[in-house]
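The structure under discussion appears below in the form of structure tokens.
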Amino acid sequence: MKHSVRLLASAAALLVAGSTGFAADIIGEPAVNYCRAVGTSDLVLTDNMVELKDHVVKLMDESVAVANSPEWINSSRPAFVWASEAKVACGMAYGYLKTNYKDEDTLNKCECFHDRMVEYMH
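Throughout the sequence shown, residue numbering follows mature numbering (1 follows the signal peptide of the UniProt record, and there is no 0), covering -23 to -1, 1 to 99 in sequence.
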């Protein structure tokens, strides 16, 4: 019984200690926003639905191309990871747009993840 209580107390102490620190990170730095500009993306501010759909499809196509490229799949740079995230976010945003609904969250993610992909490609 004492061993169980001691084990439970140790586990609780680790949880409390872990929750007051930074999120798990290989480098040990605090988590940061992945997008340079916090707030509304240019996509969300676009009122013309035809232009918006075209732009989202363009970002999605570029992301799919990078995600399927052996150059970036085998690269040590994280462009492939961001391309994979962007193609999903842009695909979701486009799905909403096909019903003429502008989902701000997926539009923001689409633009953000695509921007990050491009940043790591250069």
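Glycine residues also receive a C-beta, built at the ideal position from the N, C-alpha and C atoms.
Counted as a single uninterrupted DSSP element, the stretch harbouring Ser18 is not any alpha helix (DSSP H), since DSSP gives it neither H nor E.
Classified as buried, Lys86 has 16 or more neighbouring CB atoms from the shown chains inside 10 Å of its CB. For the pair Ser18 and Ala70, the Cα-to-Cα distance works out to about 13 Å. About 6 Å separates the Cβ atoms of Leu74 and Val33, confirming a contact at the 8 Å cut-off.
The three-state reading of DSSP puts Asn45 in coil, since its state is none of H, G, I, E or B. For Asp82, the enclosing alpha helix (DSSP H) starts and ends at 81 to 98.
Here Ser61 is buried: its Cβ has 16 or more other Cβ atoms, across all protein chains shown, within 10 Å.
Around the C-beta of Arg93, 16 or more other C-beta atoms lie within 10 Å, and the residue is accordingly described as buried.
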